[in-house]
Amino acid sequence: EILSIPRATINVHASLLPRHRGASPVQWAILQGDTMTGVTTMLTDKGIDTGDMLLKAECPITQEDTTESLLSKLSEIGAALLLETLEKWDSITPVKQDETQATYDPMPQKNMGAIDFHQSAEQIERQVRAFKCYLHTAGDVLYKIAKVGVLGDSSKAAGTVVQADPKKGIVIATATKDLAILKIQAPGKKEMDAKAYLLGNTVAVDCDYTRAFK
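Residue 1283 in my numbering sits at position 18 of the sequence shown; the count goes up by one each step and never skips.
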């Protein structure tokens, strides 16, 4: 009944529909390794982001993009696209979405931020850029991880601390490659560079990360 009141109800969605329907398209685009996303203006219907499409605008996803930075870019693009949609309203022909290409992304849950070093380094790197990530150490101590970097092939078991030095940082092995922890936040502390963290804290080398942080 509400949808029938106005001439049309326009939604501005932060993905190139029909890919990434749902409430968290930006996070999932990063997590799934997409290199391109964008904004779609669409007609609202009873479904979740299933309405006919009006206009689209693309936005590349860089290797440095996080959810925050990508949302900022897409908000600018979305505002401009909405104005363009309104200006061209009388000449736009709505296009139905291809249901065979549709994907739906659920709302992020807290456990999606838990880092599992048995995954690939590339997957973890995308996870950290997409979500607020963390790792648990002994005694259920939680460390937030804000930035990581992918290094060379791992020579040790996944989860093993390969390196922890104030000059070189913290490196942990994954299922594929070593992963450098670049920004870390200890419980009750501010976020800092891993090298700065090691100036006043100890991380044991050659043992599982759950027991390495002192």
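All residues carry an ideal CB built from backbone N, CA and C; glycine is no exception. Every value quoted in this text rests on a predicted model; they were computed, and no experiment measured them.
Secondary structure at LEU1447: strand, using DSSP grouped into helix, strand and coil. When secondary structure is reduced to three states using DSSP, ALA1429 falls in the strand class. For THR1402, the pairing in a beta bridge is given by DSSP as VAL1406. Annotation: the continuous alpha helix (DSSP H) that includes VAL1291 extends over 1290 to 1296. Residues ARG1286, GLY1287 and TYR1369 of the same chain have their beta carbon placed closer than 8 Å to that of ILE1313, with the five preceding and five following residues left out of the count.
With respect to ILE1380, GLN1392 sits close: the two C-beta atoms are nearer than 9 Å. The Cβ atoms of ALA1461 and VAL1468 do not sit closer than 9 Å to each other. In this structure, THR1305 lies near LYS1321, with their beta-carbon atoms less than 9 Å apart. Around the beta carbon of CYS1472, a 10 Å sphere encloses fewer than 16 other beta carbons of the protein chains shown; the residue is thus reported as exposed. Only residues of its own chain outside the window of five on either side were considered, and among them SER1289, GLN1292 and PHE1396 have a CB closer than 7 Å to the CB of PRO1373, listed in chain order.
Under the DSSP assignment, LEU1336 falls in the alpha helix (DSSP H) whose first and last residues are 1332 to 1352. Put simply, the backbone Cα of GLN1328 is about 30 Å away from that of THR1350.
In the DSSP assignment, MET1318 forms a beta bridge with MET1307 and VAL1360. The C-beta separation of THR1439 from ALA1451 comes to about 22 Å, leaving the pair out of contact by the 8 Å criterion.
The bridge partners DSSP lists for MET1377 come to none.
For GLY1434, the enclosing beta strand (DSSP E) has its first and last residue at 1434 to 1438.
DSSP places VAL1393 in the uninterrupted alpha helix (DSSP H) bounded by 1386 to 1395.
Under DSSP, PRO1283 forms no beta bridge with any residue. Secondary structure of LYS1460 (DSSP, three-state): helix. The alpha-carbon of ASP1458 is positioned some 41 Å away from that of LEU1348. Cβ atoms of VAL1413 and LEU1444 come within 8 Å of each other, at about 5 Å.
Excluding residues up to 5 positions away in sequence, ILE1295 and ARG1394 lie with their Cβ nearer than 7 Å to the Cβ of ASP1330 in the same chain.
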